[in-house]
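According to mature numbering (1 follows the signal peptide of the UniProt record, and there is no 0), the residues represented by the sequence shown are -24 to -1, 1 to 299, in order. Note that beta-carbon positions come from the ideal geometry of N, C-alpha and C, so glycine has one too. See below for the structure under consideration.
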Amino acid sequence: MPGRALKSLIIAASALLLSQAASGQDYPSKVVTVVNGFSSGGAVDTVARALSERLSASLGQNFIVESRPGAGSNLAAMAVVRSAPDGHALLLGTNGLAINMALYKTPGFDVEKDLAPISMVGDIPAVIAAHPSFPANSIAELIAYAKQKPNEASYATPGNGSLPHLAVALLSKQAGIELRHVAYRGGHPAVTDAIGGHVPLVVVNALEATPYIKEGRLKGLAVTGPARLANLPDVPTVAEGPGLAGFDAQTWWALFAPAGTPPAVVQKLQSEVHKALADPKLRERIETVGGRVRSSTAAELGAFVTTERKKWGQVVADTGLRE
């Protein structure tokens, strides 16, 4: 083949490949890794695996889950940010992405600049629970108790800067109360000490608290989301408490790609995530961990992340936290 003809063929083939990549036609062309910043077996990992299984079936390519815990999920985010922007490395992130922008002096990435939003996946509230011997039986009674005895009641959380910690910080500011924070390394040890009576209050996600509330080993005082949970119908929301209308503090899950990922690939993933979230089996798995399905467009997720960054950045500033 003459050199000029061969050169033209190579240029045409390259143009076709670039066109396919830009249009998302050949996506995914290899295994896709879905990274999350939490240990295997928890709510985030469970959601990541459920979503990945559905995407694998729909797109005909394996979506595998990789847990990279550490630095409040910053390690997982940085791993994805540094990956090729082609949609083959994704992040199942939480509101820790927004919180960490204020919590860490150098988080290693910028959630608004370095990640391309794809879609919301769902959310899960925290539950404020107490040892059965604690005198308060509702959020109103907890507020009244804390006003009578400032900084006496202590509450356990999965750690400094966690959503449960900041949810109580937001509650304390709005209700004008003082509670004493006790940080643990994870929700399980926090719940264990509350059950044992070593700390009177515990705030963890619904997955970790619900079984013990149902067994009567803890009593539920309030849910931090905007609505009561179907599996804890007798536990009111914080927003039902005095002067707390509109209170909403919960962990959310959302899918991101590295910034610079072709818009067509983002659009294809957004469409596939929405199809996955409509699957009753996937919805059931998310609801099993105490969460609810919640989808969005990429633009809606981007705007939401900006709002969350401002909201939790203010709470971090108010509490004086810094990692």
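Item to check | Residues near Gln127 in its chain [Cβ-Cβ closer than 8 Å; skip 5 each side] | outcome: Just to set this straight, residue 127 is Asn in the shown sequence, not Gln. These residues qualify, in order along the chain: Glu154, Leu155, Arg156.
Checklist entry - Using CA coordinates, which residue listed in Ser5, Gly84, Ala240 is at the minimum distance from Ala274? => result Ala240
Item to check | Buried versus exposed call for Asp99 [16 or more other C-beta atoms within 10 Å across all chains shown] | outcome: buried
Checklist entry - Buried or exposed: where does Ala201 fall if 16 or more other Cβ atoms within 10 Å of its Cβ makes it buried? => result Contrary to the premise, residue 201 reads as Gly rather than Ala in this sequence. It is buried - the Cβ of Gly201 has at least 16 other Cβ atoms within 10 Å.
Checklist entry - Which whole-angstrom value is the C-beta distance of Arg44 and Ala55, which I expect to be below 8 Å? => result 6 Å
Checklist entry - So what's Leu208 in DSSP terms, helix, strand or just coil? => result strand
Checklist entry - Among Pro108, Asn76, Arg298, which one has its Cα closest to the Cα of Gly172? => result Pro108
Next on the checklist: Is it buried or exposed, Glu248, if we count other Cβ atoms within 10 angstroms and call 16 or more buried?
Outcome noted: buried
Next on the checklist: By the DSSP assignment, the alpha helix (DSSP H) with Ala100 in it spans what residues?
Outcome noted: A quick correction: the sequence has Ile, not Ala, at residue 100. From DSSP, Ile100 is part of no alpha helix (DSSP H) but of the beta strand (DSSP E) over 91 to 106.
Next on the checklist: Please state whether the Cβ-Cβ distance between Ser272 and Phe280 is less than 8 Å.
Outcome noted: yes
Checklist entry - Does the beta-carbon distance from Gly296 to Ala78 come in below 8 Å? => result no
Checklist entry - In chain order, what residues of the same chain have a beta carbon less than 8 Å from the beta carbon of Gln150, not counting five sequence neighbours either side? => result Gly219, Leu220, Phe223
Checklist entry - Grouping DSSP H, G and I as helix and E and B as strand, with all else coil, what is Pro256? => result helix
Checklist entry - DSSP puts Val158 in a beta bridge; with which residues? => result Ala132
Item to check | Contact check, Leu194 vs Ala132, beta carbons under 8 Å | outcome: no
Checklist entry - Which residues share a DSSP beta bridge with residue 303? => result As displayed, the chain neither begins before -24 nor continues past 299, which places residue 303 out of reach and without an answer.
Checklist entry - For Tyr160, which residues from the same chain have a beta carbon less than 8 Å from its beta carbon, with the 5 sequence-adjacent residues on both sides left out? => result Ala132, Thr133, Pro134, Gly135, Ala166, Asp169
Checklist entry - Which residues in the same chain as Lys89 place their Cβ atom closer than 8 Å to its Cβ, once the five residues preceding and following it in sequence are excluded? => result Ala235
Next on the checklist: Quick test of your reading: Gly69 and Ser49, contact by CB under 8 Å. State the CB separation rounded to the nearest angstrom.
Outcome noted: 7 Å
Checklist entry - Cβ of Ser114 within 8 Å of Cβ of Pro212? => result yes
Checklist entry - For Ser43, which residues does DSSP report across the bridge? => result Asn12
Checklist entry - Measuring CB to CB, does Ala120 end up less than 8 Å from Val179? => result no
Checklist entry - Less than 8 Å separating the beta-carbons of Gln37 and Pro4? => result yes
Next on the checklist: Tell me the DSSP secondary structure of Pro165 in three-state form.
Outcome noted: helix
Item to check | Local conformation of Gly222 per DSSP, three classes | outcome: coil
Checklist entry - Expressed to the nearest angstrom, what Euclidean distance is found between the alpha-carbon atoms of Pro209 and Asp2? => result 47 Å
Checklist entry - So Gly13 packs on Ala52, CB below 8 Å; how close in whole Å? => result 3 Å
Next on the checklist: I'd like the span of the alpha helix (DSSP H) that includes Asn50, first residue to last.
Outcome noted: 50 to 57
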